[in-house]
Each structure stands twice: as C-alpha cells, then as structure tokens.
Amino acid sequence: MASCLVPDFPAVLVALEHLGELDKQLRDEGVPFSPEASHHLKEIAAAINELETSRRVVHEQLEVETIETSKLRHQCQNIRDDRFVIVPFSWCCGCKKYKCGPERELVKGDHENVINQLNYQLSEKANKQILLNETVNEIRKGKAKITDVETAKVALEEDMIQERKTEFHEKELAEVRIAFELKVQALQEKIVEVDGEMEEGQIVNAIRLESIAKMSDRFKAQRKEEDDVMAEHLNVSKRLEKSRLRLEERIASIAKHKIEIREMDEEIKQLHETNIVNADLFERNVDELHGQLNKEKKSIAIFEVEKEELCQSLENLKKDHEQHVNEVNFDIGLTRRRYEELLEEEKKLQDHVFMGALIERLGNKIVKAEEVNEQMTISYNDEIQQFITEAESVTQSRLEKEEELKVKESILEEVEAQFDIDQSRHQKLKNHTSELKNKNNHLELSIQDMKENISTLLKPKEDMKRSLEGLREKHMELLTSHAADIIATEKSIYDNGMMLQQVNMENSRLHVCIEQMKEDIWNTRKDQERHTQEIGWLKEEVHSLFGEHQPSSMTPTIVKRCA
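Shown next, in the form of structure tokens:
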C-alpha cells in the first residue's frame, strides 16, 4: 500500500533513458564513449538507481511512520477526551452527595441506632470494599501502565530502529553523494578536456581558415589574371570578329565590284553593238550621200561661186578634224599606257586566282575595244580622206549642198556627241576599272595583313589557352582538396559540437536530477525532524497522561469523606 503511494520522478527516468539512448546512438554511429567514460556513466546510472531505490524505501518507511503516528495521535486525542469527560462527571457526583447531606443528617437521627449497629459492619465492609477497590484500581492501573509501557517500549524500539535506519541511509546518502560528487568532478574534468580539445580544434580550424583565406586570395588573384586574359581574349575575339566582318564586307564589295565589272562588260558589249549599228548607219548615210552626190553633180556649177567659202569652211573643218584626230590619238595613247599599267598590275595580281580571270576578261575586252577603236579610227581616217577627195572633187557643188552639208554637220555633230558620250563612258569605265584594281590591291593587302594579324593573335591565344587550362586544372585540384579538408573539419567540428551539446544537455539533466534529489533529501530530513518532534511530543503526552492517571486513586477517599 505504501509503495503505491511513492511518487515517481520522471526527470531521473528521462536522464537514465537519455544516457542509454546517447550510448546506443554513439555505438550505432561508430563513435562510442571511451571505456573509462562508459564505466563512469554506468556507475552514475547505478548510483542514480540505488539512490532512487533508497529514496523509495525511505519514503515508504516515512509513510508507515506517519500512519502509525497518526494512529497514536488519534488514541491520545481519544484518551484526552475521555479524561475531560470523566473529571466533570466525578465532580458532579460529589456535589450531589454534598447537597443530600442535611437530609441524611435528619435520617441519621432517626436511624442512629441502626447505624450504630451496622456501622461497624458497614465500616468493615467499606474498608474491605475500599481496599478491594484500591487493589482493583491498582491492578488496572498497573495493567494499563504495563500496556502503555509496552506500547511505548515498542514505539521507542521502532523509533530507534527507524533512527538507526535513517542514520544508515544518511551515511549511505553521504557516501553516494561523495561518490556522485567525485563522478561529477570527473565529468567536469572530462568536459574541461573536451573544451580544451574544442579550443584546439577551433585553433586548428582558424589556422585552416587562414590557409583557406590565403588560398582564396591566391585563387582570386589567379582568377583575376584569368579574367584579364579572358578579357584580352574577348578583345582579340572582338577584333577578329571585326576583321571578319571587314573581310566579309570586302568580299561583299569584291562581289559587288564583280557584278559592276559584269555590268561594265555588258555596257562595253552594248557600246560595241551601238558602234556597229552606228557604222552601218554611217555607211548607209554614205551610200545615200553618194546617191545624192550623183544626182546633184548637175548642180555643181551652181555651187562654184561658193567654192571658196566651202574651201575655207573645209579647211576649218579639216583643222577641227585634225585636232579631233589628234585628241583621239592622244586618248588612244593614254589608253595604251593605261593598258600597259593594267598589264603590269595584272602581272602583280597573278597570285590572286579569283580576280585574275576577271582581269584577263577585262583585258581581253579592253584589247578588243582598242582594236575596234583602231578600226574605227582607220575607218574614220579613210572616210575623212574620202570626204577630202570628194570635197575636193565636189567643191563646185558645195554651194548647192550647203543645206545637205548642214544636215551632215548636224549628223556629224550627233555622231561626235555620241562619240564623246562613248568616249566619256569609256573613260569612266577606265577610271572605274582603275579604282576597282586599286580597291582589289588594297583588299588583298588588308587581307594579307589581317591573316598575319590573326596568325600572330592566335598563337599567344593558343599558348595562353593551354596555360590557362593547366592552371585551371591545378586550381581545381587544389580547390577540391581544400574543399574536402574544409568539409572534413566542418564535419568534425559539427560532430564535436553535437557531442558537446548532448554532454551539456545530459550534464544539465544530471544537475536537475541532483537538485531534485537534494530537495528530496531535504524533504526527508524535514519529515524526519517533524517525526522526531512528533515522537517527542507523543512521549511528552504519554508522560503527561501517566502523571494524570496516578492521583485518580484518591477519589474513593473523597467519596467517603463526603458520605
């Protein structure tokens, strides 16, 4: 019954469970406590279990003692109540007897003789009865005293046993407290050692962090160098891209110039065709003029008057024509010199295969155009000679054909205008071809320079790329190794921190349990002191009760005197 009333302390059970779980968890993780630490933990757990069992036993005994003392207190209270009831009753009886005294004196006078006769018998009987009552009362009192003494003796024996047990438990508790304090001190020393190891780990971690910071600075410097090299590489790539775009633009301009050259070829063909058509028209005109000259020979006499004027005009025309021929010859010489320059440039540009064919075609076309021009100049010279002979032969008929000559002059002006147009177009084509050749030369030179620049730029780029790849591999290896070291240190620090946290938690729980046990011990001491006080009080009550029951033998004498 008393064991069921003993309260449990869940903190102690939780601390024991946490110690068991911590040991099991560390064994499962492969990082168990050292043998000494495990032994100490086992001893602490055993000591805590012993303290708990001793606390339970002491608490049960205290409960038993409290029940017994409550019973004794109840009996003493009943005895005190009976005493307070009996004393007033006896006093009431005495008072009643004292009131009946006068009547008894009146009756006493009437029955004096009877009383005198029976007085002796009554006195003897009263004496005997008093003696008997006294002896009975003394026997009863003796029995009561014996029973009280026996009960007091039993109670004192139990108190002594209880005191001995409490002293024994106090000694055990003192020994357990000393052992527990020693174990706590050993645990505190271990905690101090763990703190020292943690500080050493923190120092090592700080050293490693400094080395990591240095390595990170080096890595940042190398990364900055790599960034600079990459920026230079980007600049070179941008320059290459710009040069590529220029090359594409120049290739596009070359293609455009090719198209323009083709257009020029077509225009030259058209000019040649127009020249042929003009020659045919001129021949037709000449035939028509011959017909008209044959028809108008009859009118030659009419124009003899104007022969001199025509001669003068003819001379002027001859001069103009000679000047025109000289100009044409000068243009032909210029074209020949330009053709020679073009041939020299063509010799210089023979390495360029793509433009060579175009230049050859253009040269052939220019040669053909020059041949056609020479043929035209020869034909024109022949025609001029024919005109001169015909003019000399038909000087007489020029007066009549002034209008026809005007028409012919207009035609000649148109032909000359067309020839000037063709000449200007030819000059433009020559200038255009020269510009194209210059552009071609410039493009070839720029392409050559660009190729050289690209080759010179690509060589250090490849070397730099190789060196950067090597440096990157080295830095990646260093980074992986340092990252692995950092991870290992962080893991060890985290594990140590978790273990320290668990140890601190268990230490705090042990401190809480110790405080609770100290409070229980203090409560038990208070209960013990209270029980000792109650026992002393009960003893005083017993002694006081024994002292009050001793003078109760005087009541018969009081009754006798009242009678």
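Just remember that our numbering sits 21 ahead of the position in the sequence shown, which is counted from 1.
Positions of the beta carbon are idealized from the N, C-alpha and C atoms, including for glycine.
Indicate whether the contact test is met: 3 or more Cβ pairs, each with one atom in the segment 545-564 and one in the segment 68-86, closer than 8 Å. yes
R76 beta carbon less than 7 Å from that of D541: The residue labelled residue 541 in the question sits at position 520 within the sequence shown. The residue labelled residue 76 in the question sits at position 55 within the sequence shown. In contact: D541 and R76 (Cβ atoms closer than 7 Å).
Distance check for Q523 and I182, CA to CA, integer angstroms please. Residue mapping note: residue 182 aligns to position 161 of the sequence shown, counting from 1. Residue mapping note: residue 523 aligns to position 502 of the sequence shown, counting from 1. If you take the alpha carbons of I182 and Q523, they lie about 44 Å apart.
Looking only at C-alpha atoms, which of M471, L466 and K458 sits nearest to R265? For the purposes of this step, residue 265 is identified with residue 244 of the sequence shown, where counting begins at 1. Comparing Cα-Cα distances from R265 to each of M471, L466 and K458, the minimum goes to M471.
Rank T90, E179 and K192 by C-alpha distance to the C-alpha of L72 and give the top, closest one. Position 51 of the sequence shown, counting from 1, holds the residue named residue 72. L72 has its Cα closest to that of K192, out of T90, E179 and K192.
Could you give the C-beta distance for H552 and T74, rounded to a whole number, given that I count them as a contact under 8 Å? By 1-based counting over the sequence shown, the position of residue 552 is 531. By 1-based counting over the sequence shown, the position of residue 74 is 53. 21 Å between Cβ atoms; not a contact.
Going straight from the alpha carbon of V225 to that of E483, what length do you get? Looking up residue 225 in the sequence shown gives position 204. Looking up residue 483 in the sequence shown gives position 462. Looking at the two C-alpha atoms, the distance is approximately 42 Å.
Straight-line CA distance for T501 to I228? Translated into positions along the sequence shown, residue 501 becomes position 480. Translated into positions along the sequence shown, residue 228 becomes position 207. Cα-Cα distance, rounded: 18 Å.
Beta-carbon spacing of I556, D169 below 7 Å: One-based indexing of the sequence shown puts residue 556 at position 535. One-based indexing of the sequence shown puts residue 169 at position 148. No.
Since K204 and I69 are thought to touch, with beta carbons under 8 Å apart, how far apart are those beta carbons, to the nearest angstrom? Here the question's residue 204 lines up with position 183 in the sequence shown. Here the question's residue 69 lines up with position 48 in the sequence shown. At roughly 10 Å, the Cβ-Cβ gap does not stay under 8 Å, so K204 and I69 are not in contact.
C-alpha distance - L255 paired with E231, whole-angstrom precision: As a first step, residue 255 must be located in the sequence shown, where it is residue number 234. As a first step, residue 231 must be located in the sequence shown, where it is residue number 210. The straight-line gap from Cα to Cα measures roughly 34 Å.
Please report the straight-line C-alpha distance between N385 and S445, rounded to a whole angstrom. Numbered from its first residue, the sequence shown carries residue 385 at position 364. Numbered from its first residue, the sequence shown carries residue 445 at position 424. So the two alpha carbons sit approximately 20 Å from each other.
Going by other Cβ atoms of all chains shown within 10 Å of its Cβ, with 16 needed for buried, is M285 buried or exposed? For the purposes of this step, residue 285 is identified with residue 264 of the sequence shown, where counting begins at 1. Buried is the call here.
Nearest neighbour of I535, chosen from D506, R198 and Q554 [CA to CA]: As a working note, residue 535 is residue 514 in the sequence shown. It is R198 whose Cα lies nearest to the Cα of I535.
Just the C-alpha distance for E220 and M526, rounded to the nearest angstrom, thanks. Residue mapping note: residue 220 aligns to position 199 of the sequence shown, counting from 1. Residue mapping note: residue 526 aligns to position 505 of the sequence shown, counting from 1. Roughly 20 Å separates the two Cα atoms.
Determine the contact status of L559 and L93, defining contact as a CB-CB distance below 7 Å. Taking the first residue of the sequence shown as 1, we reach residue 559 at position 538. Taking the first residue of the sequence shown as 1, we reach residue 93 at position 72. Yes, the Cβ-Cβ distance between L559 and L93 is below 7 Å.
Nearest by alpha-carbon distance to I297: which of L464, M538, S400 and N462 is it? Residue numbering aside, residue 297 sits at position 276 when the sequence shown is read from its first letter. Answer by Cα proximity: S400.
Below 8 Å on the Cβ atoms is my guess for I442 versus L268; work out the distance and round it to an integer in Å. Position 421 of the sequence shown, counting from 1, holds the residue named residue 442. Position 247 of the sequence shown, counting from 1, holds the residue named residue 268. The Cβ separation is near 38 Å, so there is no contact.
Would V594 be called buried (16 or more neighbouring beta carbons within 10 Å of its own) or exposed? Because residue 594 is not part of the residues shown, which for the chain are 22 to 584, the question remains open.
Through-space distance from R283 to N585, alpha-carbon basis: The structure shown has nothing for residue 585, since the chain only spans 22 to 584.
Select from W543, R530, M519 and M538 the residue whose C-alpha is nearest the C-alpha of D216. Your numbering for residue 216 matches position 195 in the sequence shown. The residue with the shortest Cα to Cα distance from D216 is M519.
Would M497 and V250 be called neighbours here (beta carbons separated by less than 7 Å)? Translated into positions along the sequence shown, residue 497 becomes position 476. Translated into positions along the sequence shown, residue 250 becomes position 229. Cβ atoms of M497 and V250: not closer than 7 Å.
Inter-residue Cα distance where the pair is A207 and V213: Working through the sequence shown from its first residue, we reach residue 207 at position 186. Working through the sequence shown from its first residue, we reach residue 213 at position 192. Near 10 Å, if we compare the C-alpha coordinates of V213 and A207.
Check the C-beta distance from I275 over to L450 and give it rounded, since I have them as a contact under 8 Å. Counted from its first residue, the sequence shown places residue 275 at position 254. Counted from its first residue, the sequence shown places residue 450 at position 429. Their Cβ separation, rounded to whole angstroms, is 18 Å, which puts I275 and L450 out of contact at 8 Å.
To the nearest angstrom, how far is the alpha carbon of E294 from that of G354? Stepping through the sequence shown from its first residue, residue 294 is reached at position 273. Stepping through the sequence shown from its first residue, residue 354 is reached at position 333. About 24 Å.
Looking at C-alpha atoms only, which residue of E309, S529, E38 and H453 is the closest neighbour of E288? One-based indexing of the sequence shown puts residue 288 at position 267. If we check each option's Cα against that of E288, H453 comes out closest.
Using a Cβ-Cβ distance under 7 Å, would D548 count as near chain D? Note that chain D does not occur in the displayed structure, where there is just one protein chain.
Going by C-alpha to C-alpha distance, which of E246, K290 and D238 sits closest to V393? Translated into positions along the sequence shown, residue 393 becomes position 372. Nearest C-alpha to V393: K290.
Rounded to whole angstroms, what's the CA-CA distance from K539 to F201? Just pull it up for me. Sequence index remark: in the sequence shown, residue 539 carries index 518 (1-based). Sequence index remark: in the sequence shown, residue 201 carries index 180 (1-based). Answer to the nearest angstrom: the Cα atoms are 12 Å apart.
Drop a sphere of 10 angstroms on the beta-carbon of N347, count the other beta-carbons inside from all chains shown, and report buried for 16 or more, exposed for fewer. Reading the sequence shown from its first residue, position 326 is the one you call residue 347. So N347 ends up on the exposed side.
When you compare only the Cα positions, how much space is there between F189 and A195? As a working mapping, residue 189 is identified with position 168 in the sequence shown. As a working mapping, residue 195 is identified with position 174 in the sequence shown. Answer to the nearest angstrom: the Cα atoms are 10 Å apart.
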